[in-house]
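Here the structure comes first, spelled out in structure tokens, and everything after it is commentary.
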Amino acid sequence: MNAASLKLTLRVLARRKVFTAISLFGVSFTLATLMVVTSVFDHAFGDHAPDPDSSTTLGVYTMRLSGEHFISSGNPGYGFLDKQVRTLSTPERVVIISQPASGSIYEGGRKFDIQVRNVEPAFWDLTRFRFLEGAPFTADDDSAARQVAVINETTRRRLYGAASAVSRELEFEGRTFRVVGVVRDVSAIQQTTAGDVWFPMGASLSTGDRAELRGGYLGLVKLKSPRDKAAAQAEFATRIKAMQLPGDYKELQSGLDTPFEAVSREMLSDNMGSSHPALLLALAFGVAVLFMLLPAVNLANLAISRALERSAEIGVRKAFGATGRQLIQQLLFENLVLTVLGGVISIPIAALTLALVNRSGLVDYADFGINGRVLAWGLAAAVVFSVISGIYPAWRLSRLEPAEAMRGRAS
Amino acid sequence: MIRHLLRLAWNRKTKNALLSLELLIAFVVLLVVMILVVAGVTYVRLPLGYDYRDVMAVEIRDDITGDDTFSEEQRQHTNTMLVAMRTLPGVVHVAGCLSPPMGNGGNQWRVDGDHGRVVDFNFEEVTDDFAETMDIKVVSGRWFSHEDDASPDYAVVVNRRLALQALGDPNPIGRDLLGDAKYEPGQRHLMVVGVIDDYRKGGELGLPGNFLFFRKSLDNPKDRPPNAMVIEFDPSRRDGLEKRIEDAARATAPGWGFSVKPLAAYRAQALRIRLAPALLTGIVALFLLAMVAMGLAGVFWQSIAQRRSEVGVRRAAGATARGIVWQIVGEVWAMVTLVVVIGLILALQLPLFGVAQMIGVSVFVVAVVAAVVLIYLLAGLAALAPAALAARIQPADALRTE
Numbered sequence: 224m225n226a227a228s229l230k231l232t233l234r235v236l237a238r239r240k241v242f243t244a245i246s247l248f249g250v251s252f253t254l255a256t257l258m259v260v261t262s263v264f265d266h267a268f269g270d271h272a273p274d275p276d277s278s279t280t281l282g283v284y285t286m287r288l289s290g291e292h293f294i295s296s297g298n299p300g301y302g303f304l305d306k307q308v309r310t311l312s313t314p315e316r317v318v319i320i321s322q323p324a325s326g327s328i329y330e331g332g333r334k335f336d337i338q339v340r341n342v343e344p345a346f347w348d349l350t351r352f353r354f355l356e357g358a359p360f361t362a363d364d365d366s367a368a369r370q371v372a373v374i375n376e377t378t379r380r381r382l383y384g385a386a387s388a389v390s391r392e393l394e395f396e397g398r399t400f401r402v403v404g405v406v407r408d409v410s411a412i413q414q415t416t417a418g419d420v421w422f423p424m425g426a427s428l429s430t431g432d433r434a435e436l437r438g439g440y441l442g443l444v445k446l447k448s449p450r451d452k453a454a455a456q457a458e459f460a461t462r463i464k465a466m467q468l469p470g471d472y473k474e475l476q477s478g479l480d481t482p483f484e485a486v487s488r489e490m491l492s493d494n495m496g497s498s499h500p501a502l503l504l505a506l507a508f509g510v511a512v513l514f515m516l517l518p519a520v521n522l523a524n525l526a527i528s529r530a531l532e533r534s535a536e537i538g539v540r541k542a543f544g545a546t547g548r549q550l551i552q553q554l555l556f557e558n559l560v561l562t563v564l565g566g567v568i569s570i571p572i573a574a575l576t577l578a579l580v581n582r583s584g585l586v587d588y589a590d591f592g593i594n595g596r597v598l599a600w601g602l603a604a605a606v607v608f609s610v611i612s613g614i615y616p617a618w619r620l621s622r623l624e625p626a627e628a629m630r631g632r633a634s
Numbered sequence: 032m033i034r035h036l037l038r039l040a041w042n043r044k045t046k047n048a049l050l051s052l053e054l055l056i057a058f059v060v061l062l063v064v065m066i067l068v069v070a071g072v073t074y075v076r077l078p079l080g081y082d083y084r085d086v087m088a089v090e091i092r093d094d095i096t097g098d099d100t101f102s103e104e105q106r107q108h109t110n111t112m113l114v115a116m117r118t119l120p121g122v123v124h125v126a127g128c129l130s131p132p133m134g135n136g137g138n139q140w141r142v143d144g145d146h147g148r149v150v151d152f153n154f155e156e157v158t159d160d161f162a163e164t165m166d167i168k169v170v171s172g173r174w175f176s177h178e179d180d181a182s183p184d185y186a187v188v189v190n191r192r193l194a195l196q197a198l199g200d201p202n203p204i205g206r207d208l209l210g211d212a213k214y215e216p217g218q219r220h221l222m223v224v225g226v227i228d229d230y231r232k233g234g235e236l237g238l239p240g241n242f243l244f245f246r247k248s249l250d251n252p253k254d255r256p257p258n259a260m261v262i263e264f265d266p267s268r269r270d271g272l273e274k275r276i277e278d279a280a281r282a283t284a285p286g287w288g289f290s291v292k293p294l295a296a297y298r299a300q301a302l303r304i305r306l307a308p309a310l311l312t313g314i315v316a317l318f319l320l321a322m323v324a325m326g327l328a329g330v331f332w333q334s335i336a337q338r339r340s341e342v343g344v345r346r347a348a349g350a351t352a353r354g355i356v357w358q359i360v361g362e363v364w365a366m367v368t369l370v371v372v373i374g375l376i377l378a379l380q381l382p383l384f385g386v387a388q389m390i391g392v393s394v395f396v397v398a399v400v401a402a403v404v405l406i407y408l409l410a411g412l413a414a415l416a417p418a419a420l421a422a423r424i425q426p427a428d429a430l431r432t433e
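Protein sequence lines, in the order shown, are assigned to chains A and R. If you want my numbering, it's the position in the first sequence, counting the first as 1, plus 223. If you want my numbering, it's the position in the second sequence, counting the first as 1, plus 31.
As structure tokens, this is what we get:
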């Protein structure tokens, strides 16, 4: 395809402005919706600071304990992570953090609801937080069980206004903590790093939690190199198989996962014994194609009707020896130009929608946006959309009888 | 006339296959939207069965290891805490439960009833003060009390829906919820002591369902202490209440964690969680339908432009402008009718998958009817502008070009 055919295509599109506008509306709305969804996925599972480097960090996110008559599933507990995961030999280091828990800070007679996490000090080395002031708490703070805290910028503003927060105090659960650092807000969709206030594990771990097998914690596992992934997973699998389970528990299922693998383990595996990320991805693509079906059929109908108007042109080209294949190529190309044009229009629409979602408060500290990965997926979606909406009309029009078509009698 | 139009639509079935497919998918989209809308409107109007206003919920993060093993000391902590709450200024009633209403926690149970029936319900374990604290209305029988202390069975209070579904009896006081079902030796029976109007734990937008209360006895050393408390307060003494509650709770159980929030906050969160996905689906669906309407209008426009001479002949033969409009809209509706027939056949498969039972059969029927009406409206609206254009065709003009 060359510049001439592009020019011709644009001419054709400009000739029937209403049809083109209706088609573009459908294309850009469809692609914008897909891009918005892709952006949300990308922020949940993609490599976004301050999450740990995704190529060398795995996590123990989910666990399922089953007995004869009961099943208990959710997050792993501190005791399990401490005894079974920390002692693995393949990883470079293991960091245990708690899930966010809601709590309240009372300051100046007012109550502030916050999400609190207890983390081991190595958490700050593993993650890529930017400190707006102060510094993270240290291994010394942790082992001495010092009551110190890192807060995010929104909590700083709510508690202390515009003033600096380092060395200020906050009261939580009847204890007084000293603020040592302030970090940027993190979108609540980033499950390993989201939170308002972080306390050192040493000052906050309860005796009950210390021995707990299941519930409330996550283990982040840092590998020496990305190549160690399979070895670490195998070691972990052997480890949990060999575990002595207390009480009536018969079986324990868990895995060393990326966040996406963890979700696929929860959604697609009956007993969480295995993870099927490829299947989950395929399902997501399936849903996307299903969503594109109605817009594609709509666009195909419009394309057929628009092209029937040009049946005389098609008839002439056929009469002068154009092959069906050439005609299919031309019509597919026209459709591709239309879809890519719609794709370009869809970028600002998607950006605007994401800005609205960010402001809606649906997700705390949401910072959804469009990045290179989202754009690349958007482009791929545009091409797929162009093919599924263009192939049938192109095939049907290429089969017109030249004589009939020239008389404008095509149907 | 109608039969003629239907035959016309049938004759064009291959030519209109893609258009019909578009209408069919649009019908499915409409059906989904209508199910959401009708279910939402229906559920919002059903009574909750309790009063969430002026109630504070306290979730307790105790230091109990495992789900069921606890020490007598831990149990005593919770009991002292409940007593301490009652003495706080501004507090009216206090009760213990597993998780506060409107929250996202929930417990389900499925048991075999008699005659092969399966009885399933959501349940909650509560202390005797729960009904008073939450203003739950008992419609027959009674709420839990010390009378149940000596009972060898589980005393249970059920909602009316569960009573009717399990036993077909709106007033099954003193009956076993599972009827004549066989119990394993040592298994405790579920004896109904009271029936309540309802308890919609999920809030206004939660699915209405079967609900059952177990009694949690604070005096029984084998009962696990409550994981949460609900505290009814005097709204005129609301200021600083959360802090008073949290401080008093901590004084009785040092080292435990507490989350103190008004139930109104739980409700706002529950509404947000349920409404947001429905709203997003709705917005996307609206855009899809707008796109379909515009697309159909474009296609009809084109097909009428091709039939100018036919319209001209009809006009010359005496058809009125109104007649032409009705003919075109009628042709479109005939095509929609064929689509609706297929769509209904598909929709009627849904009850097989339990969709209708889950959302309620009446909601399902209303949603299907609404979707059918709307697909006719949508297609009719898309045909109207092109049809009006066709009605303006002058016979002389149209026939001259032939």
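We put the beta carbon where it would ideally sit given N, CA and C, even for glycine. This one's a predicted model, so the numbers in the text were calculated from it and none came from an experiment.
Name the two residues that bound the continuous alpha helix (DSSP H) containing residue i.
i, result
"T253/A", "K240 to F268"
"P635/A", "Because chain A is modelled from 224 through 634, residue 635/A falls outside the range shown and cannot be assessed."
"H108/R", "E103 to R117"
"P482/A", "P482 to L491"
"L67/R", "A48 to R76"
Suppose the cutoff is 6 Å on Cβ atoms and the five residues either side in sequence are ignored; what does the same chain contact list for residue i look like?
i, result
"Y472/A", "L288 and G290"
"G361/R", "L36"
"Y83/R", "L294 and R298"
"S634/A", "Legend: pLDDT at S634/A = 48, less than 50; position of this residue unreliable, no value from coordinates given."
"F268/A", "P482 and F483"
"Y615/A", "A523"
Could you compute how far the alpha carbon of residue i sits from the alpha carbon of residue j?
i, j, result
"Y329/A", "P201/R", "49 Å"
"G134/R", "L195/R", "27 Å"
"V169/R", "P78/R", "14 Å"
"R303/R", "W618/A", "47 Å"
"A279/R", "V402/A", "26 Å"
"N521/A", "E53/R", "6 Å"
"L506/A", "L311/A", "33 Å"
"V420/A", "V406/A", "10 Å"
In terms of residue numbering, what span does the beta strand (DSSP E) encompassing residue i cover?
i, result
"V403/A", "R398 to V406"
Under 7 Å Cβ to Cβ from residue i, same chain only, skipping five residues before and after it: list those, please.
i, result
"A401/R", "M65 and V69"
"P314/A", "V444, K445, L446 and A455"
"R309/A", "V317"
"A416/R", "A328"
Is residue i helix, strand or coil when you go by DSSP?
i, result
"L319/R", "helix"
"Q549/A", "helix"
"T283/R", "helix"
"Y284/A", "coil"
"M466/A", "coil"
"D179/R", "helix"
"D365/A", "helix"
"G326/R", "helix"
"G361/R", "helix"
Let me confirm a value: residue i is counted as buried when at least 16 other C-beta atoms fall within 10 Å, else exposed. Which label applies?
i, result
"S176/R", "exposed"
"Y588/A", "buried"
"M638/A", "For chain A, the structure presents residues 224 to 634; residue 638/A sits outside this window and is missing."
"S498/A", "buried"
"I376/R", "exposed"
"N450/R", "Any property of residue 450/R remains undetermined from this structure, which presents chain R solely from 32 to 433."
"W140/R", "exposed"
"Q218/R", "exposed"
"F58/R", "buried"
"D480/A", "buried"
"K247/R", "buried"
"S182/R", "exposed"
Can you give me the Cβ contacts of residue i inside the same chain, cut-off strictly under 8 Å, excluding the 5 residues immediately before and after it?
i, result
"G547/A", "S621 and R622"
"S192/R", "In the sequence as displayed, the identity of residue 192/R is Arg instead of Ser. Closer than 8 Å at the Cβ level, and outside the excluded window around R192/R, lie D229, P239, G240, N241 and F242."
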